[in-house]
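Asks:
Chains as they are written, first to last, in this note's numbering: chain A, 2 to 89; chain B, 2 to 89.
And the structure:
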């Protein structure tokens, strides 16, 4: 069975985010007043497997080993069996 | 009224995504077989305003002028009035 995987990676609370700071300052220079800018990254992919929990545990390993830096990042994993995906 | 804004930026279909290619290859080297890797970016911020449609049009301007490159990026804008946000 094919699974759609979505990993949402964000910086842990309190980590400096220079990208967000730059966006906020640049928008301000253009005349837009915004606050609390945050940036997240989403990595989506597909994986073959039989069991949702096995997939989830594999993806957790991927996050810890490659996709995230567990020291500074939080991540959320979403595993959706292909036939349950919406809008397809 | 305070609005929560979420801008989801993805590459247009057909654009090369070296980051995704690298992720796919690296996961393969670690023994994980995944396919169709895609990456998106989410920029979240807050903005004061009275009218949801005015906010949305401002954010569209921000996207065209600063946040995205309209030549290579697609973007989706989500405007949520603060008191309607879930989980707060």
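For glycine and all other residues, C-beta sits at the position ideal for the given N, C-alpha and C.
Remember, it's a predicted structure, so these values are computed and weren't measured experimentally.
Using a C-beta cutoff of 8 angstroms, does residue 80(B) count as contacting chain A?
Replies: no
Asks: Going by the beta-carbon positions, is the gap between residue 40(A) and residue 18(A) smaller than 8 angstroms?
Replies: In contact: residue 40(A) and residue 18(A) (Cβ atoms closer than 8 angstroms).
Asks: Considering only the beta carbon of each residue, do residue 28(B) and residue 74(B) sit closer than 8 angstroms?
Replies: Taking C-beta atoms as the reference points, residue 28(B) and residue 74(B) fail to come closer than 8 angstroms.
Asks: What is the residue span of the beta strand (DSSP E) that residue 37(A) lies within?
Replies: 36-49
Asks: Give the residues of chain A in contact with residue 42(B), contact being defined as C-beta atoms less than 7 angstroms apart.
Replies: 40, 42
Asks: What's the call for residue 56(B), buried or exposed, on a 16-neighbour Cβ count within 10 Å?
Replies: buried
Asks: Return the residue from the list 84(A), 37(A), 23(A), 47(A) that minimises the CA-CA distance to residue 34(B).
Replies: 47(A)
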